[in-house]
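Okay, so the sequence shown: first residue is 0 according to numbering that gives the first Met the number 0, each after it adds one.
Everything below concerns the one structure shown next.
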Amino acid sequence: MNSFKQKLNAIGNSYLEDSPDYNQLKETTDNFKELLFSWYQKKFGENLDRENIENENGTAIGPLWAAMCLEDIARTKKFICGIAKAIEQNRNKKSPIKIIYAGTGPFATLLLPLFQKFEDLNIEYTLLELNPISFSVLTRLLKDLDFSNLKISLIEADATKFKLSLNQFPDVCISETMQNSLDKEHQVAIFQNFFEQSKPETIFIPEKIELFIAKRVYNNSSLSTRAQKIQKVFELSKQSFIKTGKEFPVVKTTISKNELDENEDLVLLTLIHVFQEEKILENESGLTIPKTIFRQPIKSEFVIYSQYEIGANPKLNLNFSIPN
């Protein structure tokens, strides 16, 4: 597997370059996918499973869909760069650097290209995966790659409920278990679980996710490049949890008379602050494409009440109060 590890290291280095152009990033991502899927076919000789797992805290997407997330170029690059910067920030820590990766999928794609870059550091990795098929694939992959010089604990567990041992507070907590608008998946529940088991200096990747009600101009199939924010309606971050705890507030957004015309719609806009300057902005990723929530001219003032809900179908609930 030396050739595999060499290619993996080159892929990691390419993602970490300051300003690679799109074609280079596309080539790197294609190579990354080919490397992983070729290995899988040789070892298992079948297609990755597609079945999602549903539980009381949302949906854990199937192994194939989790693996295919790496095709989202901006998402993959910016998360890998953000994770690398978070580890660098802890480089001079005297005790072991504790890293949790919650919801790895079958290939742990956001961390796998970085293992060799940081093998000189004293890092304790805890990788959590709920799906048993993804867990078994990742177990085989790590065994084949022989990262025996690294301290990696791979645990089959639900990251929304997993409890760390006493005084095992993470230095870096990674989870990308989300869809556009924070619908369906476990991102918020996982964040909440580990926020309660973290320390003030714990770095969460991503460090902040914001949802806004915004206005967007459209013209048939041609959309404006940027939506105009009206109001933030939800934030997932350490700062927001310190303020609100487990109780997500109801946010009232007033849409004034004549706010929208026939060429505009209201959207839910997702922006992701991965870490430091690594951000995923509108339309840079499938995670940040605005989602239409209202499209018709507005002739009178109305109100939207927003509140995030954790449960079997986690989502931002939107209730419209529109005068007759």
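For every residue, glycine included, the Cβ atom is placed at its ideal position computed from N, Cα and C.
Spatially closest choice to residue i from the options, by CA coordinates
i, options, result
"Leu259", "Leu163, Ile229, Glu50, Gln186", "Ile229"
"Gly11", "Pro199, Asp143, Leu111, Glu175", "Leu111"
"Phe134", "Glu45, Thr103, Lys231, Ser255", "Thr103"
"Ile82", "Ile288, Tyr14, Ala65", "Tyr14"
"Ser320", "Asn30, Asn121, Glu308, Ile297", "Ile297"
"Asn262", "Leu268, Glu234, Thr291, Lys245", "Thr291"
"Leu144", "Glu16, Ala311, Trp38", "Trp38"
"Arg139", "Ile212, Val216, Leu7, Lys41", "Lys41"
"Leu120", "Asn166, Ser180, Lys97, Glu128", "Lys97"
"Ile99", "Leu153, Lys237, Ile132", "Leu153"
Endpoints, alpha helix (DSSP H) assigned at residue i
i, result
"Ser135", "131-144"
"Thr28", "21-43"
"Lys4", "1-14"
"Ser239", "237-243"
"Ile82", "72-88"
Same chain, Cβ closer than 7 Å to residue i, five either side skipped, listed in chain order
i, result
"His272", "Pro205, Glu206, Lys207, Lys278"
"Ala85", "Val171, Ile202, Ile204, Phe274"
"Asp264", "Arg215, Tyr217, Thr291, Phe293, Arg294"
Cβ shell of residue i (< 6 Å), same chain only, five flanking positions each side left out
i, result
"Gly285", "Asp71"
"Ile60", "Asn51"
"Phe193", "Cys172"
"Ala311", "Glu55"
Local Cβ density within 10 Å of residue i, reported as buried at 16 or more and exposed below that
i, result
"Pro313", "buried"
"Pro199", "exposed"
"Ser94", "exposed"
"Asn183", "The amino acid occupying residue 183 in the given sequence is Lys; Asn does not appear at that position. Classification for Lys183: buried."
"Pro105", "buried"
"Phe43", "exposed"
"Arg215", "buried"
"Asn318", "exposed"
"Tyr21", "exposed"
Limits of the unbroken beta strand (DSSP E) element including residue i
i, result
"Ile189", "That residue, Ile189, is in no beta strand (DSSP E); its alpha helix (DSSP H) goes 186-194."
"Lys355", "Past the edges of the chain, shown from 0 to 323, lies residue 355, and the structure says nothing about it."
"Gly57", "57-59"
Residue-level contact to chain C via CB, residue i, 8 Å cutoff
i, result
"Glu261", "Within the model displayed, chain C is absent; a lone protein chain is all it includes."
Same chain only: Cβ atoms within 8 Å of residue i, ignoring 5 sequence neighbours per side
i, result
"Leu34", "Phe3, Lys6, Leu7, Ile10"
Contact test: residue i Cβ vs the ligand NAD heavy atom, cutoff 7 Å
i, result
"Ser152", "Within the structure as shown, the ligand NAD is missing, as the structure has no ligands at all."
Is there contact between the stretch 41-56 and the stretch 78-89, where contact requires at least three CB pairs shorter than 8 Å?
no
Inter-stretch contact (C-beta, 8 Å, three-pair minimum) for the stretch 269-278 and the stretch 70-83:
yes
When you compare the stretch 248-258 with the stretch 299-310, are there three or more beta-carbon pairs, one atom per stretch, that lie closer than 8 Å?
yes
For the stretch 104-124 against the stretch 136-150, are there 3 or more C-beta pairs whose distance is under 8 Å?
yes
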